[in-house]
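Residue numbers (the numbering used here): 78 to 223.
Glycine included, each C-beta is placed from N, C-alpha and C at the ideal position.
Inspection log for the structure reproduced underneath, given as structure tokens.
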Amino acid sequence: MHKNKLFFCALGLFAPGTGLNVFYLKGLGNIWAWAHLVALFGGILGWKLLGASDMSSALGWVLATVGFITLEASWLTTIVFGLRPDEKWDAQFNSHSNQTSNSNWLVILCVIFSLMIGAAVMMTGLAVAFEQHFLSQFEEARKISQ
78 MHKNKLFFCA LGLFAPGTGL NVFYLKGLGN IWAWAHLVAL FGGILGWKLL GASDMSSALG
138 WVLATVGFIT LEASWLTTIV FGLRPDEKWD AQFNSHSNQT SNSNWLVILC VIFSLMIGAA
198 VMMTGLAVAF EQHFLSQFEE ARKISQ
């Protein structure tokens, strides 16, 4: 079966963290794709724990970080494989196929949007984490001063 780079990049862009793009390339037996899926569900659980505990659950922060990393890894993989030359893509994933890949601007648009969304999510995550860190420091300083 010929592996399409645009389909791989679209899966990474529109279904990040699910591992669907890795399942597409490597099959259902790939441990990393399953790890992405487990990490995504852990991240969702962590985000719900943080919401229920007013951002004070340590387990929630750990799980949300794992989910955050799997999302970012998916967008980064989309960028790396989307920018790979077609010849290298075909040599690695389509060596058994007689077809050659002919990527177009849609792959580049997937790469651009992956970069934009990944950067926005990263900045948002860092802003929330630093805000919570400094708020906890202010609370501790207030307790000490009393």
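Reducing DSSP to helix, strand and coil, say where residue i ends up.
i: Met200; result: helix
i: Ser178; result: coil
i: Ala92; result: coil
i: His210; result: helix
i: Gln223; result: coil
i: Gly195; result: helix
i: Lys80; result: coil
Smallest Cα separation from residue i: which of the options?
i: Ser213; options: Leu126, His173, Met132 and Met193; result: Met132
i: Leu192; options: Asn98, Trp182, His79 and Trp152; result: Trp152
i: Leu90; options: Phe158, Ala206 and Lys220; result: Phe158
i: Leu44; options: Asn179, His210 and Gln169; result: Nothing about residue 44 can be read from this structure; the chain reaches only from 78 to 223.
i: Val150; options: Phe85, Pro93 and Phe211; result: First, the residue type needs correcting, since residue 150 is Ala and not Val in the sequence shown. The residue with the shortest Cα to Cα distance from Ala150 is Pro93.
i: Ala206; options: Ile189, Arg219 and Val139; result: Val139
If you follow the alpha helix (DSSP H) that residue i is part of, which residue opens it and which one closes it?
i: Lys103; result: Leu97 to Lys103
Quick one: measure Cβ to Cβ for residue i and residue j, integer angstroms, because I've assumed they're closer than 8 Å.
i: Gly119; j: Val143; result: 5 Å
i: Gly137; j: His113; result: Going by Cβ atoms, the distance from Gly137 to His113 rounds to 20 Å, so no, they are not a contact pair.
i: Ala116; j: Ile146; result: 7 Å
Subject >> Length-filtered (4 minimum) alpha helix (DSSP H) runs lying within the region 109-170 >> reply: 135-159 and 163-170
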